[in-house]
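Read through the structure below, which is laid out as structure tokens, and then see the notes.
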Amino acid sequence: MSNEESSMMSDEYQTISSTGEGYYTEKRSKFLAFAHHVESLEAIKALLDGYRKKYYDARHVCYAYVLGPERKDFRANDDGEPSSTAGKPILGQINSAELTDVLIVVVRYYGGVNLGTSGLIVAYREAAADAIAHSQIEKRQVEEVISYTFAYPQMNDVMRVVKDMSPRIVSQTYDNTCEIQLAIRQSEAEQLRQRLAKLSFE
């Protein structure tokens, strides 16, 4: 694989665009799973608070999340279940689907019969997998935002570069001095930077 190919692959990531719901039941214990697209710890905290309020009578509200294109920010929480029997299996499902910017919450209603550690691991794993199966998975690109300031007469040249490389226009202001902000996938950012820099010398 060439460097270009590997950099193109590394600037893509998978997340979910819709909220998915899953369900699993074992020995009268019910496991309700919810998968959400999230982009910040604030959003995660708000969702968790909401689930704890809504399912106040549930025995456990366990969860796992992964954030960021590099998938380096993650956490698994057992919420009182035996260690590593809830959060970890949920996290395992997020990782095996290669997802990020995702929170999965699994709410457990206890059915009166202990499932044992292996039973719990299976239950949380299956509930999380079911929530992912009912989510819309989409590929996204890691973008870099480039700001470029130019004189009004250069407008056509700048727009030609925009047309060629198809970055997303984040914002633009046209005055005596114009400024444009462009978002483009990471692997093409350097090329866009160079093409814009060249315009300054033409």
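When you line the sequence shown up against the numbering used here, it's residues 5 to 206, in that order.
Don't be surprised by glycine CBs; every beta carbon is placed ideally from N, CA and C.
| Check | Outcome |
| --- | --- |
| Unbroken alpha helix (DSSP H) run spanning residue 53, endpoints | 45-58 |
| Cβ-heavy atom distance, residue 65 to the ligand NAD, below 8 angstroms | For the ligand NAD, the structure offers nothing, since it holds no ligand at all. |
| Contiguous beta strand (DSSP E) assignments of at least 3 residues, all confined to the segment 48-122 | 64-71, 77-81 and 106-113 |
| C-alpha distance - residue 11 paired with residue 194, whole-angstrom precision | Below a pLDDT of 50, predicted positions are generally treated as unreliable, and residue 11, at 41, falls in that range; no measurement from the model is reported. |
| Residue nearest to residue 64 in terms of C-alpha spacing, selected from 86, 126 and 130 | 86 |
| Residue 8, buried or exposed, once every other Cβ within 10 Å from all chains shown has been counted against 16 | Confidence at residue 8 is low in this model, with a pLDDT of 43, below 50, so its placement is unreliable and the value that follows should be read with caution. Exposed: under 16 other Cβ atoms inside 10 Å. |
| N-terminal and C-terminal residue of the alpha helix (DSSP H) that residue 165 is part of | 159-169 |
| Three-pair Cβ contact test at 8 angstroms for the segment 138-146 versus the segment 160-171 | no |
| Top-ranked residue by Cα proximity to residue 17, from 25, 76 and 28 | 76 |
| Buried/exposed call for residue 60, threshold 16 Cβ in 10 Å | exposed |
| Beta strand (DSSP E) runs contained entirely in the segment 15-46, provided each spans 3 or more residues | 16-20, 24-30 and 33-41 |
| Identity of the residues DSSP links to residue 149 by a beta bridge | 187 |
| Residues of its chain near residue 102, where Cβ-Cβ distance is below 7 angstroms and the 5 sequence neighbours each way are ignored | 18 |
| Sequence-distant residues of its chain with Cβ nearer than 6 angstroms to residue 177 (five each side left out) | 183 |
| Nearest-angstrom Cα separation, counted from residue 81 out to residue 110 | 10 angstroms |
| Straight-line Cα distance separating residue 49 from residue 42 | 10 angstroms |
| Limits of the unbroken beta strand (DSSP E) element including residue 175 | 172-177 |
| Same chain only: Cβ atoms within 7 angstroms of residue 175, ignoring 5 sequence neighbours per side | 185 |
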